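Residue numbers (UniProt numbering): 1 to 140.
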């Protein structure tokens, strides 16, 4: 049975990869194995967790605006800078169109950045948050 996904024109079918084999996810652009959704016409594959990623979310590192899942970066370079891991990405990302905050789909679903003791909203400076109204923390 085919399932629709916003990132691809054709329907995708659930497939379990053979042990020891890998596919390259067309969403996050990472290799992986296990459960995938596939379009055999186009050789388009999505990890199950990329297929099931919510279209929008609120992330503790960026509480001011919701983040929207996009299938490719909207910048002219077709790449984005992840404000969580500080690496460049070119696949699925959650973005804030209001303030150029971007985060890999995997980074968005890992543990939230550590918070300062007693704080409910200020992440440690290792998390690159560029929101204009986000309070900056500079360790003494």
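All C-beta atoms in this analysis are idealised placements derived from N, C-alpha and C, irrespective of residue type, glycine included. Bear in mind that the values here come from a model prediction, so they are computed numbers and not experimental data.
DSSP puts residue i in a beta bridge; with which residues?
i: residue 89; result: 80
i: residue 68; result: 56, 95
i: residue 31; result: 24
i: residue 10; result: In the DSSP output, where bridge partners are listed per residue, residue 10 has none listed.
Between the Cα of residue i and the Cα atoms of the options, which residue gives the shortest distance?
i: residue 39; options: 19, 103, 3; result: 3
i: residue 15; options: 46, 27, 96, 30; result: 46
i: residue 12; options: 77, 109, 42; result: 42
i: residue 79; options: 104, 98, 59, 57; result: 104
i: residue 59; options: 83, 6, 77; result: 83
According to DSSP, is residue i part of a helix, a strand, or is it coil?
i: residue 98; result: coil
i: residue 39; result: strand
i: residue 152; result: In this structure the chain extends from 1 to 140, so residue 152 is not present and cannot be described.
i: residue 5; result: strand
i: residue 109; result: coil
i: residue 19; result: coil
i: residue 44; result: strand
i: residue 73; result: coil
For residue i, is the classification buried or exposed, using 16 other Cβ atoms within 10 angstroms of its Cβ as the cut-off for buried?
i: residue 94; result: buried
i: residue 18; result: exposed
i: residue 91; result: buried
i: residue 31; result: exposed
i: residue 73; result: buried
i: residue 24; result: exposed
i: residue 81; result: buried
i: residue 55; result: exposed
i: residue 6; result: exposed
Please list, in chain order, all residues of the same chain as residue i whose beta carbon is under 8 Å from its beta carbon, the five residues on each side excluded.
i: residue 109; result: 49, 53
i: residue 34; result: 16, 17, 47, 48
i: residue 44; result: 8, 10, 12, 26, 38
Give me, in chain order, the residues of the same chain whose beta-carbon lies closer than 7 Å to that of residue i; leave out the 5 immediate sequence neighbours on both sides.
i: residue 29; result: 90, 91
i: residue 106; result: 28
If I measure Cβ to Cβ from residue i and keep anything under 6 Å in the same chain, skipping five residues before and after, which residues do I get?
i: residue 98; result: 65
i: residue 22; result: 31, 33
i: residue 57; result: 67
i: residue 87; result: none
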